[in-house]
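Peer 1: The opening residue of the sequence shown carries number 1 in UniProt numbering; numbering runs sequentially from there.
Where is the CB? At the ideal position from N, CA and C, for every residue including glycine.
Model, not experiment: these values are computed from the prediction.
Before I ask anything, let me first share the structure, which is written out below as structure tokens.
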Amino acid sequence: MRSPLRIAVLSCDEAVGEIKKEYGSCGNFYKRFLEAGVLKLEESGLYERLDLEVSSYDVVDKQEYPDLENIDAVFLSGSRYDSFSPGENNWILKLVDFTKALLEEQSRVRIMAVCFGHQIVGRTLGVMPERSDSGWEVSVTPVALTVRGKQVFGQDSLALHQMHRDVVPRYPPSVEKLGHSERCDVQGIYVKDRVITLQGHPEFNGAIANELLDRRRGSLLDDLTYQDGKNRANKPHDGGAVGAAFLKFLLEE
């Protein structure tokens, strides 16, 4: 692909709290994440100035989707919703159908996804997400990378923010494995020139992680999980490296 890269963010939730205050919308939040990836690529010296055209689509309430002729890639966002339920007004089923069409009916527009979006991709590829028997995985967590994962991200392992208790329970047979963590076997899905996903949240920072931990304490998170997460929320993470790797994935011929 050539610059500018036209990326459509499929916003699977609304912005609240710190994200709304700092970024205004989910679309702008992920746009800033991708722009940080551009800077990381430029620092590597391997790429000249890369321009992005990032648009955003509310797939929950408005159920709006981009015209594929006008984009080069989609980015499926995180969400508080369960990826294995139909969802209100069947918006999740519509998202699954759209993703399936991207994979089966064309080969130009590529897919990037994180957390909920990663699970939607897994569901589309035939593996239904489910609640994890290991419970919540939160805050900055080490991810062991496969050989392909090391090639994609250019390092031996990743430290990534996590905030989930749902998982893709096994890798779909049609993909390459990117990595695993102690509580999640399927941390990343890769199909050359087609798909790259992560279960983690490379777009998160310590402030966002701390806010989510505080908001979910007592209702969704027990005290042990909460305190463990707080101890790791501000640790260094590899979100910048992931953003650069996602964009590099789009640029590969």
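Counting beta carbon pairs with one atom in the region 237-244 and one in the region 152-159, are three or more of them shorter than 8 Å?
Peer 2: The region 152-159 is in contact with the region 237-244.
Peer 1: For Q162, which residues does DSSP report across the bridge?
Peer 2: Bridge partners of Q162: S139.
Peer 1: Please report the Cβ distance between R110 and A73, rounded to the nearest whole angstrom; I am assuming they are in contact, meaning their Cβ atoms lie under 8 Å.
Peer 2: Yes, they are in contact, since the Cβ atoms of R110 and A73 sit about 5 Å apart, within 8 Å.
Peer 1: What's the gap between the Cα of A8 and the Cα of L103?
Peer 2: Cα-Cα distance, rounded: 16 Å.
Peer 1: What would DSSP say about K192, mapped onto helix, strand or coil?
Peer 2: In this structure, K192 counts as coil in the three-state DSSP scheme.
Peer 1: So, at 6 Å on beta carbons, what are the nonlocal neighbours of S132 in its own chain, with the 5 sequence-adjacent residues on each side left out?
Peer 2: Excluding positions up to five away in sequence, the list reads R165 and V167.
Peer 1: If P202 and V114 are in contact, beta carbons under 8 Å, what's the gap, nearest whole angstrom?
Peer 2: At roughly 7 Å, the Cβ-Cβ gap stays under 8 Å, so P202 and V114 are in contact.
Peer 1: By alpha-carbon positions, which one of K40, V38 and S77 ends up nearest to G57?
Peer 2: A small fix is needed here, since residue 57 is Tyr in this sequence, not Gly. Of the candidates K40, V38 and S77, the one whose C-alpha sits nearest the C-alpha of Y57 is S77.
Peer 1: Kindly identify the DSSP beta-bridge partner or partners of S181.
Peer 2: S181 is bridged to C184.
Peer 1: Per DSSP, what kind of secondary structure is D214 in: helix, strand or coil?
Peer 2: Reduced to three states, the DSSP call for D214 is helix.
Peer 1: I need the boundaries of the beta strand (DSSP E) containing Y226, first residue and last residue.
Peer 2: Segment D223 to R232 is the alpha helix (DSSP H) holding Y226; no beta strand (DSSP E) there.
Peer 1: Which residue's Cα is closest to the Cα of K230: I71, F249, N205 and E64?
Peer 2: Ranking I71, F249, N205 and E64 by Cα distance to K230 puts N205 first.
Peer 1: Cβ atoms of M112 and F75: under 8 Å apart, would you say?
Peer 2: Yes, they are a contact pair.
Peer 1: Please identify the residue among Q227, Y23 and R108 whose C-alpha is closest to the C-alpha of L68.
Peer 2: It is R108 whose Cα lies nearest to the Cα of L68.
Peer 1: If the criterion is Cβ atoms closer than 8 Å, does the pair G122 and P129 meet it?
Peer 2: Result yes, Cβ atoms of G122 and P129 sit closer than 8 Å.
Peer 1: Which residue or residues does DSSP assign as beta-bridge partners of A73?
Peer 2: DSSP lists I7 and R110 as partners of A73.
Peer 1: Using three-state DSSP, classify Y81 as helix, strand or coil.
Peer 2: In the structure shown, Y81 sits in coil (DSSP, three-state: anything other than H, G, I, E or B).
Peer 1: Alpha carbons only, please: which of L52, Y81, L224 and E53 is nearest the one belonging to D61?
Peer 2: The residue with the shortest Cα to Cα distance from D61 is Y81.
Peer 1: Contact defined as beta carbons within less than 8 Å: I believe L34 pairs with V54. What is the distance between those atoms, to the nearest angstrom?
Peer 2: L34 to V54, Cβ: 6 Å. Contact.
Peer 1: Suppose contacts are defined by Cβ-Cβ distances below 8 Å. Is residue 255 in contact with I189 by that definition?
Peer 2: No answer is possible for residue 255: the residues shown for the chain start at 1 and end at 253.
Peer 1: Kindly list the residues whose CB is nearer than 6 Å to the CB of E176, restricted to its own chain and excluding five residues on each side of it in sequence; keep chain order.
Peer 2: Same-chain partners within the cutoff: R148 and Y190.
Peer 1: Whole-angstrom Cβ separation of V186 and Y171, contact assumed at under 8 Å?
Peer 2: Indeed, because the Cβ distance is near 6 Å, the residues count as touching under 8 Å.
Peer 1: At what residues does the alpha helix (DSSP H) containing V96 begin and finish?
Peer 2: Per DSSP, V96 belongs to the alpha helix (DSSP H) from W91 to E104.
Peer 1: Does Q151 pass the burial test, meaning 16 or more other C-beta atoms within 10 Å, or should it be called exposed?
Peer 2: Exposed, because fewer than 16 other Cβ atoms sit within 10 Å of the Cβ of Q151.
Peer 1: State yes or no: is the C-beta of L5 within less than 8 Å of the C-beta of L46?
Peer 2: Not closer than 8 Å, so no.
Peer 1: Sort T141, V96 and E43 by Cα distance to G200 and report the nearest one.
Peer 2: Nearest option by C-alpha distance: T141.
Peer 1: Starting from the Cα of A144, find the closest Cα among G179, S174 and D193 and give me that residue.
Peer 2: Per the Cα distances, G179.
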